[in-house]
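Heads up, the thing below is written out as structure tokens.
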Amino acid sequence: MSVEKSSSLGRDAWLRLRANRMAMISLFILIGITILSFIGPSISPYAYDQQNLDRVFEGPGKDHIFGTDNLGRDLFARTTYGGRISLAVGLLATLVSLVIGVSYGMFSGYTGGRVDAWMMRAVDVLYALPFTIFVILLMVMFGRNFLLLFLAIGAVEWLTMARITRAQTMNLKRSEFVEAARALGYSHGRILFRHLLPNLIGPIIIYATLTVPAVMLLEAVLSFLGLGVQAPMSSWGSLIKEGAEKMDAAPWLLFFPGMFFCLSLFALNFLGDGLRDALDPKSSKD
Amino acid sequence: MPSIQNPPKIREMGNLDIQNLKVSFHTREGIIHAVDGVDLSIKPGEIIGLVGESGSGKSVTCNSILQLLPTPPARIEAGKIDWSGKDLLNQHDKKIRGIRGKEISMIFQDPMSCLNPYLSVLDQVAEPLVIHGMASPKDARKQACEMLVRVGVQRVVEHPHAYPHEFSGGMRQRAMIAMALVTKPSLLLADEPTTALDVTVQAKVLNILKELCTDLGVSVLFVSHDLGLVAELADRVVVMYRGKVVEQNDTRSIFSNPQHSYVKALIACRPTLESTPVRLLTVDDFMNPKSGKDQVLEKLALPSLNLDTQETLLEVQDLVVEFPTEDGPVRAVDGASLVIRRGSTHGLVGESGSGKTTLGRSILHLTKANSGKILYQGNVISLENIQDRTKFRKSMQIIFQDPYASLNPRMTVEQALLEPMKVHGLGKSRKDRIDHVVKLLEEVGLGEKYLNRYPHEFSGGQRQRICVARALTTEPEFIVCDECVSAMDVSVQAQVLNLLRSLQASRNLTYLFISHDLSVVKFMSDEISVMQNGKMVENGLAEDLYRDPKSSYTRKLIDSIPLANRSSNFRL
Amino acid sequence: MKKFVLSRVVQAVPTLWVIATLTFFMTRYAPGGPFDTEKAIPQEIKVKLESHFGLDRPLFDQYLLYLKNLLRGDLGPSFKYPGWEVSELIATAFPVSLTLGVLSLGIALLIGIPAGIIAALRKNTWLDYLPMSLSMAGICLPTFVLGPLLIYIFSTQLGLFPPLGWYGPADWVLPSFTLGLFYAAYVARLTRAGMLETLQQDYVRTARAKGASPWRVVTRHALRGGLLPVVTYLGPAFAGLISGSFIIESIFFIPGLGKFFVTAAFNRDYTMVLGTVLFYAALIILLNLLVDLLQAWLDPKARQAQ
Numbered sequence: 000m001s002v003e004k005s006s007s008l009g010r011d012a013w014l015r016l017r018a019n020r021m022a023m024i025s026l027f028i029l030i031g032i033t034i035l036s037f038i039g040p041s042i043s044p045y046a047y048d049q050q051n052l053d054r055v056f057e058g059p060g061k062d063h064i065f066g067t068d069n070l071g072r073d074l075f076a077r078t079t080y081g082g083r084i085s086l087a088v089g090l091l092a093t094l095v096s097l098v099i100g101v102s103y104g105m106f107s108g109y110t111g112g113r114v115d116a117w118m119m120r121a122v123d124v125l126y127a128l129p130f131t132i133f134v135i136l137l138m139v140m141f142g143r144n145f146l147l148l149f150l151a152i153g154a155v156e157w158l159t160m161a162r163i164t165r166a167q168t169m170n171l172k173r174s175e176f177v178e179a180a181r182a183l184g185y186s187h188g189r190i191l192f193r194h195l196l197p198n199l200i201g202p203i204i205i206y207a208t209l210t211v212p213a214v215m216l217l218e219a220v221l222s223f224l225g226l227g228v229q230a231p232m233s234s235w236g237s238l239i240k241e242g243a244e245k246m247d248a249a250p251w252l253l254f255f256p257g258m259f260f261c262l263s264l265f266a267l268n269f270l271g272d273g274l275r276d277a278l279d280p281k282s283s284k285d
Numbered sequence: 000m001p002s003i004q005n006p007p008k009i010r011e012m013g014n015l016d017i018q019n020l021k022v023s024f025h026t027r028e029g030i031i032h033a034v035d036g037v038d039l040s041i042k043p044g045e046i047i048g049l050v051g052e053s054g055s056g057k058s059v060t061c062n063s064i065l066q067l068l069p070t071p072p073a074r075i076e077a078g079k080i081d082w083s084g085k086d087l088l089n090q091h092d093k094k095i096r097g098i099r100g101k102e103i104s105m106i107f108q109d110p111m112s113c114l115n116p117y118l119s120v121l122d123q124v125a126e127p128l129v130i131h132g133m134a135s136p137k138d139a140r141k142q143a144c145e146m147l148v149r150v151g152v153q154r155v156v157e158h159p160h161a162y163p164h165e166f167s168g169g170m171r172q173r174a175m176i177a178m179a180l181v182t183k184p185s186l187l188l189a190d191e192p193t194t195a196l197d198v199t200v201q202a203k204v205l206n207i208l209k210e211l212c213t214d215l216g217v218s219v220l221f222v223s224h225d226l227g228l229v230a231e232l233a234d235r236v237v238v239m240y241r242g243k244v245v246e247q248n249d250t251r252s253i254f255s256n257p258q259h260s261y262v263k264a265l266i267a268c269r270p271t272l273e274s275t276p277v278r279l280l281t282v283d284d285f286m287n288p289k290s291g292k293d294q295v296l297e298k299l300a301l302p303s304l305n306l307d308t309q310e311t312l313l314e315v316q317d318l319v320v321e322f323p324t325e326d327g328p329v330r331a332v333d334g335a336s337l338v339i340r341r342g343s344t345h346g347l348v349g350e351s352g353s354g355k356t357t358l359g360r361s362i363l364h365l366t367k368a369n370s371g372k373i374l375y376q377g378n379v380i381s382l383e384n385i386q387d388r389t390k391f392r393k394s395m396q397i398i399f400q401d402p403y404a405s406l407n408p409r410m411t412v413e414q415a416l417l418e419p420m421k422v423h424g425l426g427k428s429r430k431d432r433i434d435h436v437v438k439l440l441e442e443v444g445l446g447e448k449y450l451n452r453y454p455h456e457f458s459g460g461q462r463q464r465i466c467v468a469r470a471l472t473t474e475p476e477f478i479v480c481d482e483c484v485s486a487m488d489v490s491v492q493a494q495v496l497n498l499l500r501s502l503q504a505s506r507n508l509t510y511l512f513i514s515h516d517l518s519v520v521k522f523m524s525d526e527i528s529v530m531q532n533g534k535m536v537e538n539g540l541a542e543d544l545y546r547d548p549k550s551s552y553t554r555k556l557i558d559s560i561p562l563a564n565r566s567s568n569f570r571l
Numbered sequence: 000m001k002k003f004v005l006s007r008v009v010q011a012v013p014t015l016w017v018i019a020t021l022t023f024f025m026t027r028y029a030p031g032g033p034f035d036t037e038k039a040i041p042q043e044i045k046v047k048l049e050s051h052f053g054l055d056r057p058l059f060d061q062y063l064l065y066l067k068n069l070l071r072g073d074l075g076p077s078f079k080y081p082g083w084e085v086s087e088l089i090a091t092a093f094p095v096s097l098t099l100g101v102l103s104l105g106i107a108l109l110i111g112i113p114a115g116i117i118a119a120l121r122k123n124t125w126l127d128y129l130p131m132s133l134s135m136a137g138i139c140l141p142t143f144v145l146g147p148l149l150i151y152i153f154s155t156q157l158g159l160f161p162p163l164g165w166y167g168p169a170d171w172v173l174p175s176f177t178l179g180l181f182y183a184a185y186v187a188r189l190t191r192a193g194m195l196e197t198l199q200q201d202y203v204r205t206a207r208a209k210g211a212s213p214w215r216v217v218t219r220h221a222l223r224g225g226l227l228p229v230v231t232y233l234g235p236a237f238a239g240l241i242s243g244s245f246i247i248e249s250i251f252f253i254p255g256l257g258k259f260f261v262t263a264a265f266n267r268d269y270t271m272v273l274g275t276v277l278f279y280a281a282l283i284i285l286l287n288l289l290v291d292l293l294q295a296w297l298d299p300k301a302r303q304a305q
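Residue numbers (numbering that gives the first Met the number 0), protein chains in the order written: chain A, 0 to 285; chain B, 0 to 571; chain C, 0 to 305.
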């Protein structure tokens, strides 16, 4: 059988992404930060909560490459450990929002009619809620529970995801290949999962890439208000808060976590932009 | 209206001379030489038709004149565009702006998107006068209003603040014409100005355009894909093919004695109202006459169908389909009935909004009907029970207008064709099914080597072949063809129509062939129904309907078709 | 038009009810109460206080009572600020937050829109890359990093503006910029995207074909369509500015509503929390309505739909 080599949309998108220098740099930065965050605490000779009151406020040097804080804890260990938490919160909460938002949006958009109208009205009502306030309220009232944090942030972010998914589903539902699938007698399940979902992945990935930094920012805001992770655990948000307070005396306490944090957001946003360009169906159609 | 009713005059100015124009597009995928050495000249008062299929470079040539191409990606590589002694390609931006809309005006294809939705129509028509300082804003609006009335947009007199979305497509295109001619330019560039319009509207707009330009002594470059349409108004026709001019001559000679084989093919491959060939000639027949078997002589053995003895396959009785809108339900189909006989093609013609597509979809139960009956082989189809539904879906299929949109972009050809067989439990093994898919692909003129390709790697015509193959996977008896060649160039259209006909002969298929194009429907169909505003206007044998239309609407539809597209032996 | 506004107002009622109910039960089911503080209050005083505020009654009765009062526009007394009504507290603190919000929004629009337009018009030149990189930095630099940074530069080092407090216009500068720059970055990106989209439209080509100058093409033909995404964003942006200001308020020690809210939440000041949440929600609903009206004014098609 002579079968010619072929290129799928995914491969084309990857080639386009690879041609985007900023996006590729961002991807490498992200991979680097992720690896560092996950192996950092293990390669550091100090534990993230190991105090050494003899060596407080030490600037970056040979023993402590990022310096130490007011309790003599190693900032490198704390920053990389904080990275684990910040990235985990970012990814997990995004995952929560993804699962809720995509299923809600797909169901609403595919069903259409009155059900859709009511489901979207509900989203509108929720949109009118001052959500940041709600999350803060939740964290204040029910204590700093890690699981609650994921759920609360995920619950805020799913709304936009649902709207995007619904709009895309509505568009695709009217498209002729879905009509053709119906005419061929495919079941709703097959149409939803074999035909709609694969075509929704582009916008979903793009929005997810942009949700991760938004979630990380929200987590940092909560940490800043003292509602994030509890000491001695650290996240980039809580480290930045400490750093900002001691900025005059020990600027490195703000610099290193701040740099990691901003760099990650920067890279995620650039990657999201790059993905949008690469996955844009307009550019792959002739 | 003293300023408008000047006696017709031929201007001193207005000699356009394009020499050796080369335009390329620099894209990620590489360089495309869209225009590759075009020479073209327009004398004052002359109407030139620039004809070509998509990708021929006709629009690019037209847009280069006023330098309206997006640069990048477009780049003018070489050439000269001489306008009354000035080379437009070497002018300062400001000079070009002084010419745009004042000496040379332009009309574009899609009237829906070419008017600014945020500004009133009157203001937009008046704007060229204001920009070029030819009138005060108040005076400009007055002149604009006169011009709009002249092209038949009376509405602005009572509603001077009306916005584009309050007008129909035809009215918007009239407004575009008014806007282009309000400054009384010397040359009008019209880029496919009637392509997006219904035939009856197209005929009206074209008349207005021709009259006004003759009155005002404006020369016209009329760009179109439709050779027959161009013959209606052009003095001279220029035919482009792959970025080059292949032939130019006065309109009469082009039709009576075409020289280039591509032009011959273009003239021959259009289905016309009068002729009823078994098979349409294709560009391949002319360009590669020696390739393979002698296709020109190949005859299809179509059994002549005696409609009276054919059993009824499908019957629609009094069908009503309503769509809910904010202003209450709208009846898309309003009590339509038709009978389709086994082995025949039933054509369904109508303009946009006539309900023809909705009718086709409700026959397949893709759209729910509000009342009425659809009988298939004498039985009402029920989709309640899964077994019946599967059987029904298996025996009826549909082919849509846009083959790209009707293929899932993330599935290979193989996946797309295997899926229906899997769903309907056809074929014993995977190998069995793949063998069948390969056979189908060969039947529609594609081969095994395309199996692992994705839809975006094919041309439009090839994609439609894939869609046809997919529709055939379940071995249906009845296929709805919904405007399935409307978006195609005539040469590709001819191939797809031929394919549909030969499949009908070999598989004894029954078609419902829906189109806005009466010539195409006439070529394909044994019987034709005409729809207007959701209602059946006329039903009849194809030949009778054309020779002796019973309703005035059908008459109007036929009369709106350019003369050259009615008869294949067209002579001026 | 009137009908549209009226229907939106009517729609707001169930929304506010849902919010009130949610918040009411959430605060009540949360552990702790307004009078559990570190310093133990004598039991009998606590009981007295609780009965004074009606906290000893069945929960559902309290809920109904709250709703009844709410219908009369009465948000109740604050538990933690004796002698103060919640509405009085909001009336005191909100103008501060509003000033901060309006100033920041002004900064965001004044910087963001021109930057976005220029970037779109000079696509892929340094006039595009520079503002867009800055705006990316603006989005990635959280306010609680930018705030201390600005204080450090303009107050500690240069001594131009006071670092803390909210006494006069000089105090307004640093907080409004800290908050405004983040939104300016967003507005710039939205404006650029909107303008790029609009500049590709066929009607812009029509305008060029008429001989319109680049200036006229942009101001008369492209700007309206290009700014529509920004207008849509104004609602959430302003809501975010006002409700998100508590970070700024806590960095710069500004007595705004955000700070009151966070304190109230920590203190389990039930009525204050409820009142603030409802106030914020009503504000957001109002702002969304205003944005819709603005959009309709800009877009004749949306005008007709209403």
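A virtual CB, placed ideally from N, CA and C, is assigned to each residue, including glycine.
Values in this document were obtained by computation on a predicted structure and should not be read as measured data.
Boundaries of the alpha helix (DSSP H) around residue 434 (chain B): 429 to 442.
Of B:241, B:177 and B:195, the smallest CA-CA separation from residue 211 (chain B) is found for B:177. Taking all protein chains in view, the Cβ of residue 128 (chain C) is surrounded by fewer than 16 other Cβ atoms within 10 Å, so the residue is classified as exposed.
With a threshold of 16 other beta carbon atoms within 10 Å, residue 344 (chain B) meets it and is buried. For residue 204 (chain A), not one C-beta of chain C is nearer than 9 Å to its own C-beta.
The C-beta of residue 121 (chain C) comes no closer than 9 Å to any C-beta of chain B.
The alpha-carbon separation between residue 164 (chain C) and residue 244 (chain C) amounts to approximately 14 Å.
Using a 10 angstroms sphere on the CB of residue 172 (chain A), the tally of other CB atoms reaches 16 or more, which defines it as buried. Residue 558 (chain B) and residue 237 (chain C) have their C-alpha atoms some 60 Å from each other. In the three-state reduction of the DSSP assignment, residue 519 (chain B) falls in the helix class, which pools H, G and I.
The distance from the Cβ of residue 250 (chain C) to that of residue 168 (chain C) is about 19 Å, inconsistent with a contact at the 8 Å cut-off. Residues of chain A whose Cβ lies closer than 8 Å to the Cβ of residue 397 (chain B) are, in chain order, 178, 179 and 182. Taking 9 Å as the cut-off, the Cβ atoms of residue 238 (chain B) and residue 230 (chain B) do not count as close.
Along the stretch 159 to 175 of chain A, the positions whose C-beta sits under 7 Å from a C-beta of chain B are 174 and 175, read in chain order. Beyond the five residues adjoining it in sequence on each side, residue 196 (chain C) comes within less than 8 Å, by CB distance, of 224 and 225 in the same chain, given in chain order. Contact annotation: residue 269 (chain A) and residue 36 (chain A) have beta-carbon atoms that are not nearer than 9 Å. When DSSP reads this structure, residue 274 (chain A) sits in no beta bridge, so it has no partner.
Taking 8 Å as the upper bound for CB-CB distance, residue 153 (chain A) and residue 96 (chain A) are in contact here, some 5 Å apart.
Per DSSP, residue 107 (chain B) lies in no beta strand (DSSP E) segment and is marked neither H nor E.
By the neighbour-count criterion, in which 16 or more other beta carbons inside 10 Å mark a residue as buried, residue 5 (chain C) falls on the exposed side. The Cβ atoms of residue 46 (chain A) and residue 100 (chain A) do not sit closer than 9 Å to each other.
Residue 466 (chain B) carries a helical assignment under DSSP once its states are collapsed to helix, strand and coil. The C-alpha of residue 198 (chain C) is placed about 27 Å away from the C-alpha of residue 134 (chain B).
Residue burial annotation: residue 0 (chain C) is exposed, with fewer than 16 other C-beta atoms found within 10 angstroms of its C-beta.
For the stretch 135 to 156 of chain C, the set of positions with a beta-carbon nearer than 9 Å to some beta-carbon of chain A reads 135, 136, 138, 139, 140, 141, 142, 143, 144, 146, 147, 148, 150, 151 and 155 in chain order. For residue 63 (chain B), the uninterrupted alpha helix (DSSP H) run begins and ends at 57 to 64, by DSSP.
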